[in-house]
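Encoded as structure tokens, the structure appears first; notes follow it.
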């Protein structure tokens, strides 16, 4: 028997995959599991430790979501977080997730798959909206709205996100690209591994090969993400530099998302900001100076060549 | 649907996915002894499944999940 509309609140799309025709949604039974991990994939991995959830999974064509969600559209989306990676975006999602009334969705893999599916823009937007609605089912009775942080490369498809969620506020978080590249030298993100983003998405011309040097490749990716941000963000969007965090969470991002904060909310955000967002067992340490100290002249040259023009364009486009 | 053989797991899976009570029962099982306990539930429901059958199905699901990007 297939998934029914009355069950959608207990199941969560953990991935969307290509099955040769219409994409398929792979659902995980998530009743009783709160989405508190820094990334939704970590929550899914935690859930899958129980063999039941591995063995018993609904698989539905993505086109079935319309009927499944007709009476359960999910929580309203208060805001969308876009970012350059390693720049404080996880802190934002963890801080909003610390508010009892907010469901925080951090980089759901299913959303990226829908966003970058092989289909025309209108279809991708519809799939994105439907998968987001399925993800945004409340996990606790007190949750009233959802905040979603997308993968770093989602900014490349911001026009699709706009079609899907035309009235949802967007914040874009960035950081000194040198500090970002130093972070990726230690542990490279998915999008910083050559081959994971196709050359066309990187803005490379036909026949032009991406750099073979991994650091230079990373600079190319950051430049492309910054370029997309400069191109697609508008005056209604909020742009935050990592250096403005954590103060900007309560003072700028929350108002931008229309989230009123009382003293309890501010305290909850401050408590989340005191921790390492990606490993909340540790306290937060400002590592900007240490990261800059690790950067050599070669890294600075890559940043200058590939990212600074786009960063300047972004700053020129946004107040 | 045959209630024995390799199709038994598919049949049991379909029954569980359509039955919230069974889902709750299986989810409450101890993960360490899941294969043994889940096969007992399957037998009770009329499916001929052994702990080894369940173990193999879980192993295959885990392998497919880990290899999803390959």
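Chains as they are written, first to last, in this note's numbering: chain A, 1 to 319; chain B, 1001 to 1070.
Virtual Cβ for every residue (Gly too), placed ideally from N, Cα, C.
- The Cβ of residue 116 (chain A) sits no closer than 7 Å to any Cβ of chain B.
- One finds nothing in chain B with a Cβ atom closer than 7 Å to the Cβ of residue 72 (chain A); even the nearest lies about 16 Å away.
- Judged by pairs of C-beta atoms under 8 Å, the segment 275-289 of chain A touches the segment 80-95 of chain A, as three or more such pairs exist.
- In the structure shown, residue 283 (chain A) falls within a strand segment according to DSSP collapsed to helix, strand and coil.
- A Cβ-Cβ separation of about 5 Å places residue 15 (chain A) in contact with residue 26 (chain A) under the 8 Å criterion.
- What residue 1031 (chain B) touches in chain A, judged by beta-carbon distance under 9 Å, is 49, 50, 51 and 52, going in chain order.
- For residue 96 (chain A), no CB of chain B lies under 7 Å from its own CB, so it is not counted at the interface with that chain.
- Shown here is that no member of the segment 213-243 of chain A has a Cβ falling below 8 Å from a Cβ of chain B.
- When the five nearest sequence neighbours on each side are left out, the beta carbons in the same chain lying within less than 6 Å of the beta carbon of residue 295 (chain A) are those of 178 and 182, in order along the chain.
- A direct Cα-to-Cα measurement between residue 305 (chain A) and residue 218 (chain A) gives close to 12 Å.
- Residue-level contact by beta carbon fails for residue 190 (chain A) and chain B, as no gap is shorter than 7 Å.
- Within chain A, no residue has its beta carbon less than 8 Å from that of residue 1047 (chain B); the closest one is some 13 Å off.
- What residue 56 (chain A) touches in chain B, judged by beta-carbon distance under 8 Å, is 1013, 1016, 1017, 1023 and 1026, going in chain order.
- A straight-line Cα-Cα distance of about 14 Å links residue 110 (chain A) and residue 152 (chain A).
- When the Cα atoms are used, residue 73 (chain A) and residue 100 (chain A) turn out to be separated by approximately 20 Å.
- Of all residues in the segment 1049-1064 of chain B, the ones placed with a Cβ closer than 7 Å to any Cβ belonging to chain A are 1057, 1058, 1061 and 1062, in chain order.
- When the beta-carbon positions are compared, residue 226 (chain A) and residue 310 (chain A) come within less than 7 Å of each other.
- Looking from the CA of residue 143 (chain A), the closest CA among A:163, A:77 and A:119 belongs to A:77.
- Cβ-Cβ distances below 6 Å link residue 169 (chain A) to 79, 256 and 257 in the same chain, with the five nearest sequence neighbours on each side left out; the list follows chain order.
- The segment 112-132 of chain A makes contact with the segment 57-70 of chain A, as at least three CB pairs between them are under 8 Å.
- Burial is judged here by how many other beta carbons sit within 10 angstroms of a residue's own beta carbon; residue 1032 (chain B) has fewer than 16 and is exposed.
- For the segment 24-38 of chain A, residues whose beta-carbon sits nearer than 7 Å to a beta-carbon of chain B comprise 29.
- When C-beta atoms of the segment 21-39 of chain A are compared with those of the segment 51-58 of chain A, three or more pairs fall below 8 Å, so the two segments count as touching.
- Comparing alpha carbon positions, the residue from A:204, A:67, A:161 and A:175 closest to residue 315 (chain A) is A:175.
- For residue 137 (chain A), the three-state secondary structure derived from DSSP is coil.
- Residue 48 (chain A) is positioned such that its CB atom lies no closer than 7 Å to that of residue 40 (chain A).
- At a beta-carbon threshold of 9 Å, none of the residues of chain B lie near residue 46 (chain A); the nearest stands roughly 12 Å away.
- Exposure of residue 263 (chain A) is indicated by the presence of fewer than 16 other C-beta atoms within 10 angstroms of its C-beta.
- Residue 52 (chain A) sits away from residue 139 (chain A), with the two beta carbons spaced by 7 Å or more.
- For residue 178 (chain A), the enclosing alpha helix (DSSP H) stretches over residues 177-186.
- Residue environment analysis places residue 184 (chain A) among the buried positions, since at least 16 neighbouring C-beta atoms fall within 10 angstroms of its C-beta.
- Residue 1038 (chain B) is positioned such that its CB atom lies closer than 7 Å to that of residue 1054 (chain B).
- The continuous beta strand (DSSP E) containing residue 59 (chain A) extends over residues 59-61.
- DSSP, read as helix, strand or coil, puts residue 226 (chain A) in helix.
- Among the residues of chain A, those whose CB is under 9 Å from the CB of residue 1068 (chain B) are 15, 17 and 26, following chain order.
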